[in-house]
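Numbering (the working numbering), first residue to last: -14 to 600.
C-beta: ideal position from N, C-alpha, C; glycine also.
This report refers to the structure that appears directly beneath it.
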């Protein structure tokens, strides 16, 4: 457990003061808090046009637009690109990227854009995966009030094994659009911090440590390195959700009214990575109101069909779940799918079911409730998952705002009923939190209620947002992370995994509020240090403070590990004390031939474990 004696010994302030010389502390209004010297920060322009010499490589996305060069009111120079005759919002100029850019490399795109009148202008990435499914990735957005707006340095990565790759502009209606000063350049390339403790290793005696990732995010080698260092569980962020693997065209072509066709190609890059690196997979999600297409609930699997009966939907549900598990078993027999979210977000905050209806009506409506009339679809979902899941795979109910009292009670009551029938193994606490809400005590109260069911608990989507992007704001975020992880450690006998919803702040679904442990440049934030500081392995026996020979950390060579050794380490790091050769070796706690703050953290953990009684 985390021991908090020796008050102030390794406070966050001291951590910051002891950051090695290769790090610099910055304080600005961006998602980067620490930056690492030595990162490749030189960007190379790979494509640029101010449209002074013509339209160049841009064409119309809808095939009906008129693209021409105009010489009035350009942002710079004398010319800009005009796109007119836009019949729909998605009509607009686009640029083919195949042969121009390379997969797996991060790029930044910038442009100046203007709409004919007030409009939201979006710049997106469009590509088709190996299954033929198209994907649309948001990159930049800006509001034009009939004037030029800047769209700067939007980052994107082209995944491997995709085709028909384009960057495109769109806006809300059919207004004319104007583009100028369009540029693509390589993004800075960063290396991860290899000399900081691995989260999965430091928490190995407590629970798995995992993350979520999307295909585009995983295309970055640096992101891959971060995952391999810190996570032993990975959740595909979108790639195993129903809308990603349900194949409408193939299902209709099959002629069946009850057997939907699935295609897991969208998840292939992530699953290949997990297989090749022996990383366990947390499946997300089988039955959910969101990101499940309305046609799945309609007659003939068509968008315009009538809603099917409960009896038909039960058959579709069973076959869908069976087909998902069979496809994964066939293509990835060696991947450890250790957990699956069977049902996701079925309860409202007041403990009642969602309203029935399609996603096209309201994104909060549930097609499942529309067909079944209530939440009675939950039990058969678990029955079918239990029937077809691979041996050893645990089944979970997963939800957000799980700390709201009425929702907590609804989940507990449902889980107890399913547990009595042997259908459920655990409860997933999404844990999308903020520094201001909920309180750690409210979160812990819900955690205890779930633990009291006797089921396994997993923290499945942890992130903690902050609107204060100053040093003090990130320190507050670190404090909340510390308190939440303290609660998880306290109940670790009932928790098998803690999963962070992403890798770096800039790739988070809540990027503007910087909710994760790592900055855009892959450096660790104060939140990271807060959850490792003072953490000791679960004790297996009472240690002795008597050291019979010089051991790692015994810097003063008194055959004891005490705070005096930490003081010497601190003085060395502050450059007010010099080690001899033997002291340097004793201070090198992680045997990497360097003595830095991370050795100090490891030494403190050991000494706290030795000096604190196990209560």
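One question on the structure: do residue 46 and residue 163 come within less than 8 angstroms of each other, judged by their Cβ atoms?
no
State buried or exposed for residue 485, treating a residue as buried only when at least 16 other CB atoms are found within 10 Å of its CB.
buried
Which one of 521, 318 and 502 has the shortest CA to CA distance from residue 197?
502
Closest residue to residue 208 among 90, 514 and 380 (Cα-Cα distance)
90
For residue 616, does the three-state DSSP call read helix, strand or coil?
Absent from the structure is residue 616, since the part of the chain shown begins at -14 and ends at 600.
Range covered by the alpha helix (DSSP H) that runs through residue 253
253 to 262
According to DSSP, is residue 338 part of a helix, a strand, or is it coil?
strand
Environment of residue 121 [buried if 16+ CB atoms lie within 10 Å]:
exposed
For the beta strand (DSSP E) containing residue 484, list its first residue and its last residue.
Taken as a continuous stretch (DSSP letters only), the beta strand (DSSP E) holding residue 484 covers 480 to 485.
Name the one or two DSSP bridge partners that residue 121 has.
According to DSSP, which records beta bridges pairwise, residue 121 is partnered with 111.
If you reduce the DSSP assignment to three classes, tell me which class residue 282 lands in.
helix
Near residue 430, what residues of its chain come up, given a Cβ to Cβ distance below 6 angstroms and the 5 sequence neighbours on each side ignored?
none
How do the stretch 122 to 133 and the stretch 98 to 114 stand: do at least 3 beta-carbon pairs fall below 8 angstroms, yes or no?
yes
State yes or no: is the C-beta of residue 368 within less than 8 angstroms of the C-beta of residue 408?
Going by C-beta atoms, residue 368 is nearer than 8 angstroms to residue 408.
For residue 344, collect the residues of the same chain with a Cβ closer than 6 angstroms to its Cβ; drop the 5 residues on either side in sequence, then sort them by chain order.
279
Which same chain residues end up closer than 7 angstroms to residue 70 when comparing Cβ atoms and leaving out the 5 residues on each side of it in sequence?
49, 50 and 51
Have a look at 572, 518 and 82 and flag the residue whose alpha-carbon is nearest the alpha-carbon of residue 541.
572
Note down the Cα distance separating residue 464 from residue 219, rounded to an integer number of angstroms.
Residue 464 and residue 219: Cα-Cα distance of roughly 25 angstroms.
On a Cα-Cα basis, can you pick out the residue from 307, 293, 384 and 242 that is closest to residue 275?
Selected option, being the one with the closest Cα: 384.
Just curious, the alpha helix (DSSP H) that residue 435 is in, first and last residue?
425 to 436
From which residue to which residue does the beta strand (DSSP E) around residue 446 run?
441 to 450
DSSP-derived helix/strand/coil call for residue 12:
Interpretation of residue 12 is limited by its pLDDT of 31, a score under 50 that renders its predicted location unreliable; no figure is taken from the coordinates.
Given a threshold of 16 other Cβ atoms within 10 Å of its Cβ, counted over all protein chains shown, does residue 318 qualify as buried or as exposed?
Here residue 318 is exposed: its Cβ has fewer than 16 other Cβ atoms, across all protein chains shown, within 10 Å.
Which residues bound the alpha helix (DSSP H) around residue 548?
Annotation for residue 548: the continuous alpha helix (DSSP H) segment containing it runs 548 to 558.
Could you name the residues of the same chain whose beta carbon sits closer than 6 angstroms to that of residue 370, not counting the 5 residues immediately before and after it, in chain order?
306, 327 and 380
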